[in-house]
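> Quick one: this structure, given as structure tokens, is what I'll be asking you about.
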Amino acid sequence: MGWTLPPDGRRIGLLGKGGAGKSTTLAHLLGHWVAEGVDVIGIDMDRPGDDESGSLYAWAELADLGAPVYPAPAHTRLAAEVRRLTPAGGLAALDTGAWERKAGGPHFAVLSAVDLAVLMLQPTDMDVERAGSVLAAIDHLDEVGAPAPDLVIVLSMVNRSAASPADTRQALADAGYTVLATEIPRSDARDGYGQSFGKRPRLAAGSPMQLLARELLAHITPEDGR
1 MGWTLPPDGR RIGLLGKGGA GKSTTLAHLL GHWVAEGVDV IGIDMDRPGD DESGSLYAWA
61 ELADLGAPVY PAPAHTRLAA EVRRLTPAGG LAALDTGAWE RKAGGPHFAV LSAVDLAVLM
121 LQPTDMDVER AGSVLAAIDH LDEVGAPAPD LVIVLSMVNR SAASPADTRQ ALADAGYTVL
181 ATEIPRSDAR DGYGQSFGKR PRLAAGSPMQ LLARELLAHI TPEDGR
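When we follow UniProt numbering, the leftmost residue of the sequence shown carries the number 1, and every step to the right adds one.
Given below as structure tokens:
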């Protein structure tokens, strides 16, 4: 049985600090969502600098990601443009650059345009501390009565042999945050996620990327939609 999203579709935004694996994760998720029978598009809000490895849009120009990827519209009209591009009964997924808490900036526009914010977080004390501004931004939208998305956290760049992922997961859960079960491992091997830019992502059954794609779909799908 496939996934049945609402007629107006759903919108997901990946956020987090630089180096959290947002673009790499989304490049893989697009293909897995298509394989799950979901009509999906990507929107790239990232504007990489000279020393960055590239954006999702640049990746899509080099390899088939399985779904169309659009460059960023002006953030002042982002919400309307994202809704226009979202496939009927499908999914729009937004990739963002390194998080900046800046009034009037693109990240607040993304938060106001999506139904679900996915915070990609490396499980270290420093990165948890740095992520506080993302969490505070969502709280701020709630406080001022602005549209605010649901929030889930995905632990990324995870070293499975370290104790910190479990400790971080517990601390976030104790603070009341929803941490998804799937973790994205750090892999710098030749065929690992960290070396996949510019290539067609490998869609391995049972992989963390497939599991995350399904877990995110389950989170945004009505209870009778599967």
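Every residue gets a Cβ at the ideal spot worked out from N, C-alpha and C, and that includes glycine.
As the structure is a computational prediction, the values presented were derived from the model and not from experiment.
What's the gap between the Cα of Pro208 and the Cα of Glu215?
Spanning the two alpha carbons is a distance of roughly 10 Å.
> Run through DSSP, which three-state label would Ala146 get?
Coil.
> Tell me the residue span of the beta strand (DSSP E) that contains Gly18.
Looking at the DSSP string, Gly18 is not in any beta strand (DSSP E), and its letter there is neither H nor E.
> Do Arg200 and Leu91 have their beta-carbon atoms positioned less than 9 Å apart in this structure?
No, they are not a contact pair.
> Compute the distance between the beta-carbons of Pro6 and Pro222, then report whether it is under 9 Å.
Closer than 9 Å, so yes.
> Find the nearest neighbour of Ser196 within the set Ser55, His107, Leu119, His140, judged by alpha-carbon distance.
Of the listed residues, the one whose Cα sits closest to Ser196 is Ser55.
> Under 9 Å, do Leu15 and His107 count as touching if we go by C-beta distance?
In contact: Leu15 and His107 (Cβ atoms closer than 9 Å).
> Taking all protein chains shown into account, decide if Val158 is buried (16 or more other Cβ within 10 angstroms of its Cβ) or exposed.
Counting Cβ neighbours within 10 Å, Val158 comes out buried, since at least 16 surround it.
> How far does the alpha helix (DSSP H) with Leu85 in it reach, from first residue to last?
Element bounds for Leu85: 78-85.
> Can you tell me the Cα-Cα spacing of Ala137 and Arg169, whole angstroms?
The alpha-carbon atoms of Ala137 and Arg169 are separated by roughly 21 Å.
> Checking 9 Å against the spacing of the C-beta atoms, do Leu180 and Val144 come in under that value?
Contact: no.
> With three or more beta-carbon pairs closer than 8 Å as the criterion, would you say the segment 56-75 touches the segment 16-34?
As far as the Cβ criterion goes, the segment 56-75 touches the segment 16-34, which means the pair count is three or higher.
> Tell me the rounded alpha-carbon separation between Tyr193 and Arg83.
The straight-line gap from Cα to Cα measures roughly 30 Å.
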